[in-house]
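*Asks:*
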Amino acid sequence: MIVPLSHILGFSSALFVMGLACVLARRDLIMILIGIEIMLNAVGLALVGASAFWQKVDGQIFVIFLMAMTSAEVAISLAMVVYLRRQKATLDADAYDGMKG
Amino acid sequence: MNPLSSLPILSLLIWLPLAGGLGCLFLRPVRHASRWIALGTTGVVFALTLFLFITGSSKNGWLFFEDHAWISRFGIRYTLGMDGLSLLMTLLTAFLLIVAVLISWQVSPYPDFFFSLLLLIECGIMGVFLSLDLVLFYLFWEIMLIPMFFLIGVWGHARRLYAAVKFFLFTLAGSLLMLLALISLYLLHGQQTGDYSFALSALIHTQIPPNLAWWLYGSFFVAFAVKVPLVPVHTWLPDAHTEAPTAGSVILAGILLKTGVYGLIRFGFPLFPGPAHASLPILAVLALAGIFYAAWIAYAQNDAKRLIAYSSVAHLGFVILGLAAWNLTALEGSILQMVNHGITTGALFSMVGMIDQRAHTREIARLGGLWTRVPVLGAFFLFFSLASLGLPGLNNFTGEILILLGTFTTHPVWAALALGGVVFAAIYMLRLVQGVLWGPTKGDEPWTDLSGREALVLIPLAILVLWLGLHPSTFLEPVREPVQLLLQGSMFPSMPGGMP
Amino acid sequence: MTDKTLFLIPLLPLLCGALNVLFGMRLPRQLSQAIAVGGVASSTVLTLVLWPLSAGAGTHVTLFTWLDSGTLHVPVEILFDPLSASMTLMVTGVSTLIHLYAIGYMHRDADYARFFALLNLFVFAMLTIVLADNLLLLFLGWEGVGFCSYALIGFWYREEKNASAGRKAFLVTRVGDVFLGIALLWLFKLFGTLSISGINAGASQLAPHILTLLVVLLLLGACGKSAQLPLMTWLPDAMAGPTPVSALIHAATMVTAGVYLLCRLFPLVSLSSTGLALISAVGAVTAFYAATCALAQREIKKVLAYSTMSQVGYMFLGVGTGAVAGSMFHLFTHAFFKALLFMGAGCIIHLCGEENDIFKMGGLRKKSPLVFWLFLAGALCLAGAPLSSGFFSKDGLLAAAYAHGTPFYLTIYILGAFTALLTAIYTFRLLYLVFGGTSRFTGDLHGLPKLMTWPLIPLALIALFSGVLNLPEIFGGHQWLDHLLHAAGSGESHPLSHMQEWTLAGIATALFAIGWAVAHWRYSRFTPAQEKKAVLFFLHGWQADRLVHATLITPFAFLSRLFWQGADLAVIDGILESLGQGCQSAGERLRTLTTGRVSSYLASLAWGLLLFMLFFLLQVVQG
Amino acid sequence: MATILFYILATTALAATWMCITRRNPVHAVLYLVNAFFALALLFYLLGAPLVAAWEVIIYAGAIMVLFLFIIMMLELAPDQPVKGPGWRRWGPVLLLSAVLLCSTLLLIVADPGGANGIPRYYASPRTFGYALFKEYALAVEIVSFQLLFAAVGAYYVGRSDKKVTCPGEEVP
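Chains as they are written, first to last, in the numbering used here: chain A, 1 to 101; chain B, 102 to 601; chain C, 602 to 1224; chain D, 1225 to 1397.
1. Taking Cβ positions only, does Val1251 (chain D) come closer than 9 angstroms to chain C?
2. Taking 9 angstroms as the CB-CB limit, is Leu1177 (chain C) close to chain D?
3. What does DSSP give as the partner residue(s) for Gly182 (chain B) in the beta ladder?
4. I'd like to know if the segment 879-886 of chain C and the segment 1003-1021 of chain C are in contact, where contact means that at least 3 CB-CB pairs between them fall below 8 angstroms.
5. Going straight from the alpha carbon of Leu520 (chain B) to that of Gly923 (chain C), what length do you get?
6. For Ile679 (chain C), which of helix, strand or coil comes out of DSSP?
7. Taking only three categories from DSSP, how would you classify Ile177 (chain B)?
8. Could you tell me which chain C residues have their CB closer than 8 angstroms to the CB of Ala93 (chain A), listed as they occur along the chain?
9. Give the secondary structure of Ala519 (chain B) by DSSP, where H, G and I count as helix, E and B as strand, and everything else as coil.
10. Determine which residues of the segment 52-80 of chain A have a Cβ less than 8 angstroms from any Cβ of chain D, and write them out in chain order.
11. Tell me the rounded alpha-carbon separation between Thr1232 (chain C) and Ser135 (chain B).
12. Residues in the same chain with beta-carbon distance under 6 angstroms from Gly767 (chain C), minus the five sequence neighbours each way, listed in chain order, please.
13. I want to see whether chain B comes within less than 9 angstroms of Phe717 (chain C), judged by CB atoms only; does it?
14. Buried or exposed: which applies to Glu1395 (chain D), given that a residue is buried once 16 or more other Cβ atoms fall within 10 Å of its Cβ?
15. Mind listing which residues of the segment 1319-1330 of chain D have their C-beta closer than 9 angstroms to chain C's C-betas, in chain order?
16. Is the Cβ of Ile1195 (chain C) closer than 9 angstroms to any Cβ of chain A?
17. Spell out the partners DSSP gives Glu464 (chain B) in its beta bridges.
18. Between which two residues does the alpha helix (DSSP H) containing His951 (chain C) stretch?
19. Mind checking who Ile172 (chain B) pairs with in its DSSP beta bridge?
20. Which residues bound the beta strand (DSSP E) around Leu664 (chain C)?
21. Looking at the C-beta of Met833 (chain C), does it have a partner C-beta in chain B at a distance below 9 angstroms?
22. For Ala848 (chain C), collect the residues of the same chain with a Cβ closer than 6 angstroms to its Cβ; drop the 5 residues on either side in sequence, then sort them by chain order.
23. What are the boundary residues of the alpha helix (DSSP H) that Leu280 (chain B) is part of?
24. Using a 10 Å radius around the Cβ and a threshold of 16 neighbouring Cβ atoms, would you call Ser1186 (chain C) buried or exposed?
25. For Thr142 (chain B) versus Glu223 (chain B), is the C-beta spacing smaller than 9 angstroms?
26. Within the continuous alpha helix (DSSP H) that includes Ile2 (chain A), where are the two ends?
27. Flag this pair as yes or no: are the beta carbons of Trp427 (chain B) and Leu357 (chain B) separated by less than 9 angstroms?
28. The alpha helix (DSSP H) that contains Lys995 (chain C), what's its start and end?
29. On a Cα-Cα basis, can you pick out the residue from C:Thr660, C:Thr893, C:Gly842 that is closest to Glu678 (chain C)?
30. Residues in its own chain within less than 8 angstroms of Ala354 (chain B) by CB, not counting five upstream and five downstream?
31. Considering only residues of the same chain and omitting the five flanking positions on each side of Ser187 (chain B), which have a CB-CB separation below 7 angstroms?
32. Within 9 angstroms (strictly less), CB to CB, does Lys790 (chain C) reach chain B?
33. Applying the 10 Å Cβ sphere with the 16-neighbour rule, what's the burial state of Trp1103 (chain C)?
34. Just the chain A side, please: which residues come within less than 7 angstroms of Leu1203 (chain C) by C-beta, in chain order?
35. Would you check if the distance between the CB atom of Val523 (chain B) and the CB atom of Leu490 (chain B) is smaller than 9 angstroms?
36. Say whether chain C places a C-beta atom closer than 9 angstroms to the C-beta of Tyr1380 (chain D).
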């Protein structure tokens, strides 16, 4: 036994909020993606902590799935970044408002 | 014993048109295959119903009955049943569908889609007239709607999209209310008895709190009232009828409007006897309003089709009045009048279509003097117009007089007022006749008089007009027992095969 | 020969009419005409052959059940009793002559098949009215004649005016039909049957106020068909039709259907004294009204139309006094002489090359003496010249009114007598203007086909001498018709002394003489008079048309537009469309929420997350 | 010892993440993030998840972040001279929101009494892990593998250079 669960969760939520702040504040598509990665990792940390807390392996397995999904997401989103960069010369997220109602 | 009793004949009536419709689509490459398939299918269906009518019209109870489990998890069953009323309605449907196919013989573009849609409509209408399970009924009720939407929207006249959307929204709004009501009825019945079922025979025994009964009945009523249509939810009708292709108008006026009345008789009244009876005076007021209001508006119309469309509202007012009078004679009159109206208005719409084909206009002011150019067509037009305005000896009179006689015995004032509507009918119909047939001939290019195919459509209709006018008993006897049962408040005679 | 043969009487014309409808245009003209005349003539013969069946209470035959529902049971049944038999004979007989005349009249019209088909159908419908023992069947005939009249008035449909006249006739009579229909519904409710014999038999059990209301309804129905006030405006316009039509429908048969209806239901009608008084009042006022109008008319057929209205008024007057046989007597004589007059008028119009205006005629006596004598025979009957049939029949009705002795009926008598004077005046005015003096006609006289004159000769004889049918005793007659129709019912009889009868006859003769004298003084020499306001007033039928137009038609058309454009399109569709617009504009406004920018979506996502968090926090704080 | 290590690593990860999200140059940000991921991997190991720790290094730090770097470099996203980052107008509300979120989350965590308990020592051997993954979650594995396949196809489809599209800043061969 090393630390209380609340410390792990607190640390994880701090990470998550930082990722969220990054996503919200930055307009660069790359930075938004990086923010998302941070958030996902924060969640992974919480899952591993919970796994240890409950003495069960399932939380860790969830992290594996999380990683797999992340890699899929990153693959697609980076391809999108390349594609978007070709469409317009900028990666400013606000420049892409083609879905404006 | 009926040799057909081993066949699932009711299912056949419903699914045969669907099969024909698919056939039309699959045989697209074959030139003109679709119209022959459509004619063949409707012909077979008509022959079937005619056979049933001849063999079964004198029997009592359910002439045919089918019941299978369908979605047992929700208590939904595939229950079909045919009594005298359904029999008469299916006969009318099958007959008018042949008319619809024949008058759209040279339809373009996409004849295969057109005919398959027509057959799909027949499938839906047959289903509506035969289902005894509320979900099944609702399903067919919506099936009717969609092909009609496309018929109007694709093959219609100038403002077809507006009319199609209007038609669709009106009917859908009503039927969604009905869906809500039937689901809550289902839940209520399930809570009371533990038997979750959509079967009509089960649901009529539900004990509904009076307040809720009014709401549920109201929802059903709105759905049916839109279809009938009653004033003031009738405004989809003139647009839809006017913009629809001829076959569409014939089916709309001839059959679809009757599904509303049929729904009231088959579902509305038996399910909610309390509010239904309490609402009879309201029904009568709406009916009278329809008779006068629509007739009044019909007089102002310039488009022949629109005039006939408004006349439909007025005629259906008579039907509803007979319902509101709630006695044997009036109800029989109502049912007879449904058939009558189907035939007369169907014929009139067909004839306006024929005139439109020749004159390329339906505007009364631009027509005129047709008797000189096409006397045979003119004679038919005059004949059906007279039938429509209720000349004794022709069909509409028998229905109207039964309704009026029945109504007068219980509600003299309603009947007397409605009789005044007869003058209105004469006013607008004679205006139409004068505008189309009499007066100087406009334009001088020669027209061909009635073709063989057109005569084939009109002659049976004319014979029916006379038959219904002179010997309506043929068509009244099958409905006597259902009407009596309805009046007694018991809906179901003994059912072969038993009910779930 | 069974009793069912009776059905052939109406069905033969129907069959022949149907033949002409279906194949008329493909048949040679002669065959088509032969079918038409044959149908009617064979009916006449059949009526004569079957006459014995009408003896006593008559023969009642049922063919099949028309309508059957609940307590309602409507068989197709006819009653061949003296009343209907005599009427049938008159209808078929006059129709046969008119059909023959029509062959001559229509000899140049290409649309003969339609004409004869409709004429035959009309005879069928009229015979249905006459023979029906069931009110619904009677109603079938009633509407049937209405339709045939409509189609025949507008026979020359290429002119909008003719078609409109037909439409007007149909609609105005249909207003009356509505009242008849209400009476019919009510009778069914009261008696549970629509059989005329049944209703007549049970009528005495009804409460007086119901009876009176029923009689009023029946009267209004009869007024529509018989062009009595207030539903009379259609008859003058109906003259737009071919002359045989005017002779058959608008003089001899259809317009008298109302009288016949009241006579048929007389056992019921007679039970309400208020109703009877109303009937005679309507009759007398119409008679007077129409006579004044006839005085000012310029078109020959319109003079005759108004005189028909006036004479039918006499018949109503007679029914109201309870003199059924008298009314029927006048109905018959009138049918004969008015048909004669109309056909004569047809000859005159034909002679003058379709000229209708009597101011442009004159001097025809020398040019066509045969027509003159024929027309004169009819005119004498109409004017009530002593010893002519019209004299006896009209006098009988006035005597019946006089015999009642009450002030009300005396007023009726005086009005009737004054109308008789007017009748003599306008009849001789017509005679003088058409036949007297010198010809004001410009153009050549046309020849007459033989068929247009010789059917008139027997008719003229019948018209002049049909008085013997019901010759009063003071003239040595036996009142044959009175005895024949005794079974049809009659009101309380008020026998007059012979002295009184002679006095009344004398008054009638004097009125005839005065009328002739006035007409002679005014019209024996034609002077084109300037159109005075009063003359115009009478010419336009007391401006009744204008009144109807202003009070009914204009508001109707206005409301029609209002309901359509105002209520239907503007209000109902407007509400629904604004509902749709509301949805659309709400969507427009909501649309701005989707900025299309990722950052704003993410921000809203974060705010949503915050909300969730706060919600959980709240739960923690509370729990 | 492990406890102290945890706090040290946590602080490192937080600091690295902070540096990462405030960098203007994406290359720097990615490098800082790699740093944070290493710290996280160690944390995973401490919490008894050696396999996850290994994959954190291999997949995240090794593969994904390198991919980021490649893309950044390929698109020449790293600015030559320092560019202006988002100003306070943008950071302000974000910081406020983040603070509130963080505070409320922490409050929630503190409010739960179960969280105060320490975590018992735990070690998931690769064998246990493998059994659980391929037995209990076999279906999920299949689904995820499909997803990866779709992602690969999708990435190929999106990323392929369409000759019709004129690409600013890129030469079309």
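No residue lacks a Cβ here, since even glycine has one placed at the ideal position from N, Cα and C.
*Replies:* Quick look at the numbers:
1. no
2. no
3. B:Phe166
4. yes
5. 31 angstroms
6. strand
7. strand
8. Arg1198, Val1199, Ser1200
9. helix
10. Ala52, Phe53, Gln55, Val57, Asp58, Gln60, Ile61, Val63, Ile64, Phe65, Met67, Ala68, Met69, Thr70, Ser71, Ala72, Glu73, Val74, Ala75, Ile76, Leu78, Ala79, Met80
11. Residue 1232 (chain C) cannot be examined here, being either before or after the span of chain C that is shown, 602 to 1224.
12. Tyr751, Ile754, Gly755
13. no
14. Reliability fails at Glu1395 (chain D), whose pLDDT of 47 lies under 50, so the model's placement of it is uncertain and no value is given.
15. Leu1321, Ser1322, Val1324, Leu1325, Ser1328, Thr1329
16. Before going further, note that residue 1195 (chain C) is Thr rather than Ile in the sequence given. By this cut-off, Thr1195 (chain C) is an interface position.
17. B:Asp404
18. 925-952
19. B:Ile177
20. 660-670
21. no
22. Ile699, Ala940, Phe943, Met944
23. 261-294
24. exposed
25. yes
26. Looking at the DSSP string, Ile2 (chain A) is not in any alpha helix (DSSP H), and its letter there is neither H nor E.
27. no
28. 990-1005
29. C:Thr660
30. His342, Ile409, Ala410, Ser413, His442, Gly443, Thr446, Gly447, Phe450
31. Phe230, Leu231
32. yes
33. exposed
34. Val23, Leu24
35. yes
36. no
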